[in-house]
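Protein chains in written order, with our numbering: chain A, 30 to 136; chain B, 31 to 600. Note that the Cβ used here is the ideal one computed from N, Cα and C, for glycine as well. So the structure is just underneath, and the comments pick up after that.
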């Protein structure tokens, strides 16, 4: 197991002696497969839970969560809204790092 | 034996230890005091036999109630004591007398405030939290931290002044100084509410938090995250439970920091925005005011202090080892700090409310209470904000610090004391998530809520997995905004730029006004001088026709007349 994970790890990281001994077991996290896998895992998990709701309808606690897939819709679109709003907000509110700096701050 | 300590507020040993720390130069003795003080405080909390008001101190004809032990103060008191203990372990490596003393005084003041039975005692401890905590910001030693500390101090002291003014007016109206439910419409009620609102970092009053906390030391930010804001939530729960407006304020509080956290580059500032978001849940619960909701607020405050401290601790460790918490300068740290990375993931999971972790069993109470009370739109906002929490605290913090692009930092793992403190906090996140009965038993009212039902688990996992899928989707299609160095404008712009600009402009204008007036006076003086010379000098107009000797005689005559008038008038 250790051998196989090590063999998949990027060469630079494997040869890096400063990597923590515990972290050496997890260098496979840097492989392209490991980086792409969450997309499919989370997508499949979300679909499976939608299936679970279909098979076992949930009780609603408000006027809204009775809608089929309510939590998935809020999760996906709410998250996407928060992230995508980052583009215009950064243009509107973003300033250079030294925006608030005053004389003597570099001392 | 226990009778000896009966009725002594747990705040006193912590404050006393803080005063000693300020005077003791020995690092080891100070650290022993920091560990011992919360243990003694915990002992005092444990031996308090029943609810009641203890520790009355009579002064100037007034009895200060320093230890009101009831179901509401009990839960806040114990988590404050626990936080003081964990923070003390986390701070063991730090060699700063000011920081040690400040930590204990601030923690003790926080404990004292939640046990205060009257408004004057509350005010005393309220102000002490402000005065003691500012040293945790100044301890960073940078000019920016110094200025942020000053701004923090001004705002916190203002909160105290409002509390005192409100308390005086309120007591004058009701005839009682007792700190119980407060009528916001009574004289002084709104001032007390504003005082609490500032410390709870309500929207538009919030930015002292994001301004000051990220500029504190690594240890300082951990300590600061525990007390001030949660004290304000306690005060709101005590004074304004069931105030409808708070539900809406809380809902807004949960939502707006999400957008700021997405574009923020400094991960400690992200955590500060996240703190705002979490406070929103508690404020909304206080606004609902039902037993379930107040249990939710208390449970949320309890677990939040632990997992937020854990997240701040991990970032403090990163700051200590790498020297920065800017997302643009971090990444791949799991290779150097794998244990810290695991603790960070546990904290991130807890704040995101994954099942089996503490956030899951606490946040559920609040959301259920809001839904049960029929607040439809706030319910939708809270669910949205739950997805937002996952974004900024669940993903952004661990991802950009420990994973993402490897920046090549090869540093040491965090010091042992930091790991122990993080380990205790991480353990509590898991323990309270599984053995939630321990937490529920501490809450102010009996709990009949069962968090581990099919509906709740599936609903929450649907929300989290869909949000996680959204994250991978946005990253895969390059829709996730990359981290860039910079700062973002927030409400602090009004006093840091606009206010500062107005004051500077005002000074400049006054300078110019005085300069212009000076010029005018100089010109006038010059002209008058010329006139006097023209009239009175030996070659002046008066000397031209009349000899100056006659003028001297006339001057003598006039002076003689003045003397005569003065003599007869007297």
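- Taking the Cβ atoms as the reference, residue 120/B lies roughly 20 Å from residue 300/B, outside the contact range of under 8 Å.
- For residue 368/B against residue 51/A, the beta-carbon gap comes to about 4 Å, under 8 Å, which counts as contact.
- Residue state for residue 258/B is assigned as helix, using DSSP reduced to three classes.
- For residue 328/B, the enclosing alpha helix (DSSP H) stretches over residues 321-352.
- Look at residue 87/B here: in three-state DSSP terms it is strand.
- Looking at the DSSP output, residue 518/B sits in a beta bridge with 123/A.
- Under the DSSP assignment, residue 182/B falls in the alpha helix (DSSP H) whose first and last residues are 173-204.
- With a contact defined as Cβ atoms closer than 8 Å, residue 94/B and residue 37/B miss out at about 13 Å.
- DSSP places residue 114/B inside the alpha helix (DSSP H), whose first and last residues are 101-120.
- Apart from the 5 residues on each side of it in sequence, residue 68/B sits with its Cβ closer than 8 Å to the Cβ of 44, 111, 112, 114, 115, 118 and 137 in its chain, given in chain order.
- With its beta carbon at least 8 Å from every one in chain B, residue 80/A lies outside the interface.
- By the Cβ test, the stretch 481-493 of chain B is not in contact with the stretch 359-375 of chain B, since fewer than three Cβ pairs between them sit closer than 8 Å.
- Remark: C-beta atoms of residue 199/B and residue 221/B approach each other more closely than 8 Å.
- The contact set of residue 292/B on chain A, defined by CB atoms closer than 8 Å, consists of 111, 112, 114, 115 and 118 in chain order.
- Here residue 285/B is near residue 411/B, since their CB atoms are less than 8 Å apart.
- Look at residue 316/B here: in three-state DSSP terms it is helix.
- Below the 7 Å Cβ cutoff, chain A contributes no neighbours of residue 525/B, its closest Cβ being approximately 11 Å away.
- When 8 Å is used as the limit between beta carbons, residue 284/B is near no residue of chain A, the shortest such separation being about 11 Å.
- The residue from 509/B, 252/B and 276/B with its alpha-carbon nearest to that of residue 263/B is 276/B.
- Residue 126/A sits close to residue 515/B, with the two beta carbons spaced by under 8 Å.
- For residue 51/A, the chain B residues whose C-beta falls within less than 8 Å of its own C-beta are 368 and 369, listed in chain order.
- Residue 93/B sits in a strand when the DSSP states are folded into three classes.
- Scanning its chain for C-beta atoms nearer than 6 Å, with the 5 sequence neighbours on each side dropped, one finds around residue 89/A the residues 95, in chain order.
- Of the candidates 117/A, 120/A, 100/A and 115/A, the residue whose Cα lies closest to the Cα of residue 497/B is 100/A.
- If you draw a 10 Å sphere on the C-beta of residue 172/B, you find fewer than 16 other C-beta atoms in it, and that means exposed.
- With contacts defined as CB atoms closer than 8 Å, residue 147/B and residue 208/B qualify as a contacting pair.
- Within chain B, no C-beta atom comes nearer than 8 Å to that of residue 61/A; the closest sits roughly 12 Å away.
- By the beta-carbon neighbour count (other beta carbons within 10 angstroms, threshold 16), residue 584/B is exposed.
- Proximity of residue 402/B to chain A, defined by a Cβ-Cβ separation below 8 Å, is satisfied.
- Neighbourhood of residue 354/B in chain A, by CB distance below 7 Å: empty, with the nearest CB roughly 12 Å away.
- The Cβ of residue 95/A sits no closer than 8 Å to any Cβ of chain B.
- With respect to the 8 Å criterion, residue 391/B and residue 305/B are not classified as neighbours on the basis of their beta carbons.
- Within chain A, 107, 108 and 111 have C-beta atoms less than 8 Å from the C-beta of residue 418/B, given in sequence order.
- Pairing residue 518/B with residue 531/B, the inter-Cα distance amounts to about 18 Å.
- Under DSSP, residue 213/B takes part in no beta bridge, so it has no partner.
- Beta-bridge partners of residue 98/B (DSSP): 83/B.
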